[in-house]
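First to last, the sequence lines map onto chains A, B and C.
Every position in the first sequence, counted from 1, becomes a number in my numbering once 14 is added.
Every position in the second sequence, counted from 1, becomes a number in my numbering once 2 is added.
Every position in the third sequence, counted from 1, becomes a number in my numbering once 480 is added.
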Amino acid sequence: MNLPLTIKETQEGLKSKKFSAVELVDTYLDKIKKYNDEFKIFLTITEEVAYKKAKEIDNSDLTLPLFGVVGSYKDIFLTKGIRTTAGSKILENFIPPYSATIIKKLENAGVISIGKLNCDAFAHGSSGENSDFGTTLNPWNKEYTAGGSSSGSGAVLSSNMSLISIGTDTCGSIRLPANYGYLVSLKPTYGVISRYGVIAMASSLDTVGPLAHTVPDVETVFNVIKGKDYLDATVTEKSINNKDSKFKIGIPKEFFVGGLSKEIEKNISEVIKIYKKEHVEFVDVSLPSTKYAISVYYIIQPAEVSSNLSRFDGIRYGGLRDTFGEEAKRRIMLGSYVLSAGFYDAYYEKAMKVRTIIKNEVDEIFTKVDALIAPVAPTPAFKLGEKTNDPLSMYLTDIYAATANLSGIPAIAIPSGFSDKKLPLGFQLMAPRFGEDILFKLGKIFEIATDYKPKVAF
Amino acid sequence: MNKYKIIIGLEVHVEPNTKQKMFCRCQQDHFGKIPNSNTCPICLGLPGALPYINKEAIDKIIKLGLALGSKINNFSRFYRKHYFYPDLPKGYQTSQLDSPFCVGGELLGKKINHIHLEEDAGKLVHETINGEKVSLIDFNRSGSCLIEIVTEPVFNSVIEVIAFLKELQLIARYLDISNADMEKGSMRLEANISLSSDGKLPNYKVELKNINSFKFLEKAINAEIERQSKALDSGEKLIQETRGYDEIKKTTFSQRTKADSHDYRYFPEADLPPVEINSNEIEKIKLELIELPEAKRKRFAEKYKLSKEYIEILISDLKRADYFEEASRLSPNLIMSIANLMVNKNFDKEFPEPAGLIKKILELTKVDYANLSNVEESIDKVIYENPDVINSFKEGKEQVIGFLIGQVQKMLNGRGDPRIIQQKLLEKLHE
Amino acid sequence: MIHLMTRLTKKEVLHVAELSNLKLSESEVKKFLPQLSKIIEYVSQLSEVDTKETKSTSQTMGLTNVYRENSGDSGETLTQEEVFSNTDEYNGFFKVPAILEGRTNK
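Okay, structure coming up:
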């Protein structure tokens with residue numbers, strides 16, 4: 015059967031009995047079985063769970079908000095009774111005794127869980143090449159990376175092996191795979207979606223977000239998983255009142271400089287033209303402190319990583335600490351260093367202060383504009399192995415992502431075309447904290463103006 | 003030995019009697035539970051788990067701080083303190099650093115540096131199984147609330163230390179914060195001990211750990227003081243180290259610790275928003291504080307004129323103190339007998355109601371209760387002689403009944419049955 | 481302004497590895513030394529930013545006073561079986577080779 019590419023299509027199909035939930039699962043599983051070994055998208059396929067739920071859905075009155083939607087999750091979300099590895103050998107056999115809050119929310123909303131997705135080990139990376147279980151290939155061209163660290167979360171949708179997926183974004187890790195996959199994804203405001211049951215990378219930066227083929231679908235999933243959780247003290251239910259028209263978008267000049275591919279620059283100027291036709295105003299803005307964003311990020315993140323990975327001592331679960339991969343070890347070392355006696359003030363404390371400067375600058379900009387536009391990465395997807403020898407150049411891929419994570423603001427990645435090499439192109443919009451609504455509105459404007467249609471690689 | 007000044011600072015851990023643990027909802031009281039049956043993803047340090055502050059612990063530490071004269075910080079937050087040890091499941095302890103809940107304070111003239119909240123670790127026991135030396139870990143206690151009181155190095159003798167701890171224990175019981183029982187582990191002590199030959203603070207201190215009873219406290223500290231004194235006498239240089247007390251050998255011994263492990267790499271706990279307590283809230287809690295032991299001692303001395311020893315026994319248990327006061331209110335001229343029978347014969351255990359004790363006293367002193375007509379006569383007289391007090395009562399000040407009962411007893415030379423007096427008095431007042 | 485030693489020494493790498501409870505092989509130390517040095521050198525650029533009057537940000541959502549009153553049940557408490565679902569148990573305990581060193585802090 016031809017798999018639907020939106021929630022609406024899926025649910026209408028089920029309601030009109032065009033197909034059943036079981037048939038949906040049949041078709042997705044066929045796809046998975048055919049291509050997963052090669053593309054390394056799933057680490058665990060939960061066939062039994064999927065069929066059980068599909069049967070339940072077929073026998074239900076089809077009213078749950080996400081009924082019949084087949085979903086899969088980055089293997090960093092704990093799923094009770096189902097192996098969860100974080101993409102790392104150290105958790106190769108870990109079976110959690112509890113599930114993450116958002117998993118419970120999704121399943122209660124009618125989602126059919128079909129499996130756990132490959133990712134960079136412990137979310138350390140931006141290409142998927144740091145997974146201990148093989149690199150996820152980009153369904154659009156298997157010589158290229160799928161983007162990371164939520165590599166499987168992007169590839170699973172571009173290869174049509176699920177309808178929605180969930181990833182985490184600590185510095186672009188949801189936006190990049192969407193950008194390389196011709197998908198929509200949301201990095202929400204920090205503190206809007208529960209992190210309970212999500213293997214922690216950097217506690218003050220981690221966010222949980224949905225990926226889907228359209229902006230309305232991302233919005234629907236967001237509305238299901240957001241909200242207070244009595245198990246996560248950092249979640250709040252704020253949202254800002256905003257307008258429906260007369261949007262003003264800022265173009266940060268620091269983002270459109272040397273290093274950005276000409277192709278992407280051209281594509282984004284096309285996007286801007288399209289928005290202008292829809293009466294969206296654009297102004298040039300400046301965020302001078304963002305040049306420090308990477309340094310701030312690469313002090314705070316490893317520090318928090320070194321702390322969050324301290325619990326892996328092999329006593330209660332998992333392997334011994336020498337099972338950590340190279341990237342994990344490097345970040346732990348870096349983190350311990352910047353927190354150690356004699357260096358804390360110069361590095362960690364300093365980074366926390368510069369973070370304030372970045373945050374204040376971003377907040378100030380949003381008193382003048384409703385959103386910001388930016389590339390998601392300096393180039394389209396790169397070839398496997400192209401950047402792995404030089405850790406620092408990998409880090410520079412994060413420059414467009416870091417601003418949002420450091421200041422806690424939301425960002426949405428939206429597809430906007432294809433490169434000469436037929437690889438997906440896209441852009442991102444950022445909004446003030448708790449301004450997801452602005453992003454959804456602007457995203458829909460773009461989709462309607464371009465008569466956007468979801469596309470999958472195969 | 004007297005040529006050295008003894009300098010001791012204390013770190014006292016008190017386990018508050020909260021219902022739940024510090025950052026999760028497992029039971030705080032793990033006594034008698036089978037191992038590893040009182041843990042959850044949070045206190046077991048499973049991947050993905052997050053902490054959530056238990057408010058009851060904050061309420062208790064603030065009460066304690068106010069009782070000890072500390073300043074309650076308007077802004078307070080938690081930090082991560084990193085070190086690796088098998089009974090510390092996250093590889094860090096969530097504790098406090100630069101903004102603890104309470105700063106300063108004093109008890110029995112000894113200055114307190116600060117009081118902070120933290121979580122406890124699990125328990126480690128060492129065993130030999132089939133010839134192999136192993137350590138067994140039970141995480142039931144992991145994540146439990148702990149209040150830590152850190153004093154300045156202002157103790158100069160073991161006696162001072164013991165007095166301080168006993169008073170702290172009493173206050174903890176009065177405030178219903180903890181039973182602070184050393185033998186049961188709900189109060190633990192670490193003493194930092196050094197000797198000074200020139201009166202100034204020396205450049206080393208020896209941390210004496212695992213002191214778990216008042217009995218061994220005295221022995222352990224004295225043993226350590228003796229060891230240090232002998233060392234200094236023979237010109238030996240003393241180093242900063244951690245030591246434990248060997249109850250059998252009656253000496254202290256060095257506990258090897260990893261040299262680097264004191265770099266705790268503290269940073270603020272991002273998973274827990276900070277706590278802001280405004281001055282109004284603090285005032286409110288201050289007003290609700292009950293009378294503390296020292297104030298009660300003073301008041302008992304003034305009001306009841308009992309000996310120091312008697313007072314100490316009566317106030318050592320809040321319930322007994324209240325019982326004594328209630329009994330004394332009913333029969334003001336039997337105070338000495340009441341005190342005697344409570345202190346020497348524990349008669350309050352036999353008579354759960356103070357009135358019952360009074361009756362027993364009268365029986366023992368073979369005094370018959372005054373008859374009813376005498377009682378009523380005395381009541382009428384007292385009402386007649388105290389019009390202002392009667393008015394107070396009628397206006398709602400019902401507590402003056404105590405005074406009136408006392409007056410009636412006086413007239414009856416203490417031979418009135420307090421229950422009858424109260425009953426008849428109220429009848430007449432409500433006429 | 482603090483003078484930062486941005487070139488790491490082997491001694492420092494070994495010290496940090498010990499702090500992190502990681503046993504590095506000789507080749508790992510050799511590999512990490514230049515990589516970590518490069519990153520530290522890069523991030524040291526922050527020393528040029530004036531932060532004298534700046535407060536630090538450790539959280540961006542601006543929440544305070546998030547706590548839980550006692551709720552009736554024990555929430556997430558696990559059964560012994562669940563606790564040991566990922567490792568062996570010995571009479572209900574976790575068993576590790578004897579720990580010879582004392583705790584630094586309790």
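Backbone N, C-alpha and C define an ideal beta-carbon position, used for all residues, glycine too.
Values in this document were obtained by computation on a predicted structure and should not be read as measured data.
Cutoff 7 Å: residue i Cβ touching any chain C Cβ
i	result
A:E62	no
B:K21	yes
A:Y312	yes
B:I36	yes
A:T221	no
A:I104	no
B:D140	yes
A:G431	no
Sequence-distant residues of the same chain with beta carbon closer than 7 Å to residue i, five excluded per side
i	result
B:A261	Bear in mind that the predicted position of B:A261 carries a pLDDT of just 48, short of 50, making it unreliable; the figure below should be weighed with that in mind. Correct list: empty, nothing qualifies.
B:P270	R79 and Y81
A:D412	S140, C185, G186, I308 and Y311
B:F353	L359 and K362
A:T20	H227, T228, D231 and P468
C-beta neighbour in chain B for residue i, strict 7 Å
i	result
A:Y306	no
A:R335	no
A:I329	yes
C:T489	no
A:L353	yes
A:L92	yes
Chain B contact residues for residue i, given Cβ-Cβ distances below 7 Å
i	result
A:G211	G50
For residue i, the residue or residues it bridges with in DSSP
i	result
B:D248	B:T253
A:N155	A:N152
B:E243	B:V208
C:K548	The sequence shown places Arg at residue 548 of chain C, rather than the Lys named in the question. Answer by DSSP bridge pairing, in chain order: B:N56.
Closer than 7 Å at the beta carbon, the chain C residues around residue i
i	result
B:P88	V576 and I579
A:V368	L526, V529 and T531
A:F56	None at all; the shortest Cβ gap to chain C is about 22 Å.
A:S421	T540
Chain-ordered chain A contacts of residue i [CB-CB under 8 Å]
i	result
C:K535	K367 and T370
C:S538	S218 and M366
C:L499	S350 and S354
8 Å Cβ shell around residue i - same chain, five flanking residues per side excluded
i	result
A:V352	I313, P316, A317, Y358, Y361, Y362 and A365
B:D248	T254 and F255
B:S263	Caution is warranted here: a pLDDT of 49 is assigned to B:S263, below 50, making its placement in the model unreliable, and the coordinate value is therefore given only provisionally. Closer than 8 Å at the Cβ level, and outside the excluded window around B:S263, lie Y85 and F86.
Minimum Cβ-Cβ distance from residue i to chain A less than 7 Å
i	result
B:D265	yes
B:A272	yes
C:L513	no
B:R82	yes
C:V496	yes
Chain A contact residues for residue i, given Cβ-Cβ distances below 7 Å
i	result
C:K503	D336
Own chain, CB closer than 6 Å to residue i, minus 5 neighbours either side, in chain order
i	result
A:I426	L200, L443, L453 and G457
A:F81	I71 and G124
B:E226	I195, L210 and T254
B:V152	E13, N115 and H116
Cross-chain neighbours of residue i in chain C, by beta carbon under 8 Å
i	result
A:L348	L516, I519 and I520
Contact list for residue i against chain B, beta-carbon separation under 9 Å
i	result
A:Y112	C42, P43, L48, G50 and A51
A:A317	R267 and F269
A:R344	Within 9 Å Cβ-Cβ: nothing; A:R344 doesn't reach chain B, min ~17 Å.
Neighbour list for residue i in chain C, Cβ cutoff strictly below 9 Å
i	result
B:E278	T544 and N545
B:R27	R548, N550, S551, D553, S554, G555, E556 and T557
B:K347	Chain C residues near B:K347: none, gap ~40 Å exceeds 9 Å.
Within chain A, the residues that residue i reaches when beta carbons sit closer than 9 Å
i	result
B:Y6	None at all; the shortest Cβ gap to chain A is about 32 Å.
Members of the segment 548 to 570 of chain C near chain B, C-beta cut-off 8 Å
R548, E549, N550, S551, D553, S554, G555, E556, T557, L558, T559, Q560, V563, F564, E569 and Y570
Mind checking the segment 225 to 256 of chain A against chain B and listing, in chain order, the residues whose C-beta falls within less than 8 Å of any C-beta there?
Y244, L245, D246, A247 and T248
Selection of the segment 55 to 76 of chain B by Cβ proximity to chain A, strictly under 8 Å:
I55
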